[in-house]
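In short: position in the sequence shown from 1, add 11, done, that's our numbering. Every residue, glycine too, gets a C-beta built ideally from N, C-alpha and C. Nothing here was measured: the structure is a model prediction, and the numbers come from that model. Following: one structure in structure tokens, then a few remarks.
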Amino acid sequence: MTLKKGDATIDHGVGANVLDSPLMALAFLVEVLARQPDAPPLAAGEIVSTGTLTDAHPVKPGETWSTSFTGLPLPGLALEFA
12 MTLKKGDATI DHGVGANVLD SPLMALAFLV EVLARQPDAP PLAAGEIVST GTLTDAHPVK
72 PGETWSTSFT GLPLPGLALE FA
């Protein structure tokens, strides 16, 4: 994943940055919940954030940040901060 601020590349990230992969992070969560007697298992439709592929960077109003992916059929995302 490539993270840009405007036209400048700020960071690159890979799935391995999240407990070796986002799927490993999700599996870890499922295992932890299974060991908790009062915790319900994940349900269909629940949204889980497994972490970030890049470091967190400060943003300022008026900036536009975007992501793009290679190797996966995923759309990028662009956000303009007000």
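query                                                                                                             : result
Opening and closing residue of the alpha helix (DSSP H) in which glutamate 74 lies                                : No alpha helix (DSSP H) holds glutamate 74; DSSP gives it neither H nor E.
Reference phenylalanine 92, options Lys71, Leu64, Asp49, closest by Cα                                            : Lys71
Outcome for leucine 88 when other beta-carbon atoms lying within 10 angstroms are tallied against a minimum of 16 : exposed
Where the beta strand (DSSP E) containing alanine 89 begins and where it ends                                     : 88-91
8 Å contact criterion, which leucine 40 and valine 59 should meet: CB distance rounded                            : 7 Å
Start and end residues, alpha helix (DSSP H) containing leucine 34                                                : 33-46
Among Pro48, Leu44, Thr78, nearest to alanine 54 - alpha-carbon criterion                                         : Leu44
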